[in-house]
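Structure, as structure tokens:
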Amino acid sequence: EAWLRAFDVILLGGSSMPAPLLAEIRTRRLPVFLTYGSTETAAACALCPPEKIWSGESVRGTPLPGVGFTSNDEGVVTIATPALGLGVWPDAPLESPWTSGDRGDVSPDGSVKISGRADRVIITGGEKVDPARVEQALLSTGLVKEALVLGMVDATWGEVVTACVIGPSSAEGALRKACEQLEPAARPRRYVFVPSMPTNASGKPDREAIAKLTA
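Start counting the sequence shown at 38; every next residue gets the next number (the working numbering).
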């Protein structure tokens with residue numbers, strides 16, 4: 038902890054914030070700025086400062102100067118920014134405002150709260166499930182180190198909510214109990230316990246490889 042306190046600023050981003058880590062940042066009052074952005078937006082385009090995190094307020098990103106957020110009826114966030122990249126080869130040039138593919142809530146003050154990727158939504162029995170909410174419920178128990186929730190193809194339901202977690206299989210009962218706070222469709226029907234999560238070249242979960250583990 039001492040070496041972390043030696044920093045004036047710690048930038049944290051790249052994926053959703055696990056509830057236990059957020060609680061630890063608050064308890065230890067670490068100088069963490071939560072960031073939101075992408076390669077296309079030249080990295081961060083919104084920040085949540087330490088003071089807001091410490092206060093226990095809802096974690097929302099304040100847009101950087103020149104940045105504006107909007108969301109459509111499906112909750113998909115668009116970003117208007119002068120820092121938008123020219124394009125991604127070999128696709129067409131990028132245009133601002135740019136559709137991020139992330140789902141989130143944009144408040145009247147312009148701040149944004151990201152809930153997950155729009156393309157990760159699971160449709161099971163006709164119900165839409167946001168896997169990020171399920172992952173947060175699992176991680177908040179403190180019983181698992183990592184959690185990834187996928188929709189696996191099923192002949193009856195279309196997709197079934199499946200949780201792949203790093204943790205002891207003995208925790209399954211407690212995890213199911215924790216997910217009772219979620220609507221029935223969002224509760225994982227299957228749990229797969231693994232010693233580690235496959236990752237891709239950028240260090241993020243390799244969803245294709247993980248899907249094979251849960252098949």
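Ideal Cβ placement from N, Cα and C applies to all residues, glycine included.
DSSP three-state label for residue i, please.
i	result
R213	helix
E245	helix
A79	coil
K150	strand
D156	helix
A91	Residue identity differs from the one stated: residue 91 is Trp in this sequence, not Ala. W91: helix per DSSP, three-state reduction.
E164	strand
T107	strand
Below 7 Å CB to CB, which residues in the same chain sit around residue i once its five sequence neighbours on both sides are set aside?
i	result
E38	R65
P119	G103
E164	A222
L254	Residue 254 is absent from the model: the chain starts at 38 and stops at 252.
Going straight from the alpha carbon of residue i to that of residue j, what length do you get?
i	j	result
G162	L67	43 Å
A80	W126	18 Å
P227	E88	The question names Pro, but residue 227 in the sequence shown is Arg. The alpha-carbon atoms of R227 and E88 are separated by roughly 39 Å.
G50	A169	15 Å
V171	S177	10 Å
P235	A215	25 Å
P232	A200	14 Å
L250	A174	22 Å
Would you kindly report the start and end of the unbroken beta strand (DSSP E) that includes residue i?
i	result
E196	G195 to I203
R65	Looking at the DSSP string, R65 is not in any beta strand (DSSP E); the run it does join, the alpha helix (DSSP H), is A56 to R65.
T118	Unbroken run through T118: none, as it is neither H nor E.
R239	For clarity, residue 239 is Ser in the given sequence; the question names Arg instead. From DSSP, S239 is part of no beta strand (DSSP E); its letter is neither H nor E.
V229	R227 to V231
L48	I47 to L49
For the alpha helix (DSSP H) that contains residue i, what are its first and last residues?
i	result
W40	A39 to R42
Take residue i and list the residues in its own chain whose beta-carbon comes closer than 8 Å to its own, dropping the five residues that flank it on each side.
i	result
T115	F106, T107, S108, N109, P134, W135, T136 and S137
D142	S108, G112, V149, K150 and S152
Taking the DSSP output, what are the residues bridged to residue i?
i	result
T99	L84
M189	V197
W135	I116
For residue i, would you say it is in contact with chain B, using Cβ-to-Cβ distances shorter than 8 Å as the test?
i	result
R63	Of the protein chains in the structure, only one exists, and it is not chain B.
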